[in-house]
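These notes are about the structure you will find just below.
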Amino acid sequence: MAKCSKCGIRLNGIPKKRVVELSKLSKSMKKISRIFSGTLCHRCVAEIIKANVRREAAI
Ligand SMILES: [Zn+2]
């Protein structure tokens with residue numbers, strides 16, 4: 071099962087299937103259209119984006 075690598079919450083939008091079955095699906099079925107999809111949850115992604123924006127604004 072796909073989990074967030076930062077907080078460990080279960081990721082939505084990624085089907086719970088075996089690797090053989092996943093290989094038959096199209097790319098868009100396996101991932102959601104977001105940066106870090108399949109790796110981080112929406113909250114962690116938002117945190118990273120906000121941190122980047124703040125850092126760039128401070129310069
Ligand atoms: Zn997370």
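Quick note on the working numbering: the sequence shown kicks off at 71 and runs consecutively. C-beta atoms are modelled at their ideal positions from N, C-alpha and C, and glycine is treated no differently. These figures come from a predicted structure and were not determined experimentally.
Ignore the nearest five residues each way along the sequence and tell me which others in Leu50's own chain have a CB closer than 7 Å to its CB.
It is not possible to answer for residue 50, since the shown part of the chain is limited to 71 through 129.
Pick helix, strand or coil for Lys73, following the three-state DSSP scheme.
strand
Spatially closest choice to Val24 from Asn122, Met71, Arg80, Ile118, by CA coordinates
Residue 24 falls outside the range modelled here, since the chain spans only 71 to 129, and no answer is possible.
When you get a sec, list the residues whose CB is within less than 6 Å of any heavy atom of ligand 1, chain order please.
Cys74, Lys76, Cys77, Ile79, Leu110, Cys111, Arg113, Cys114
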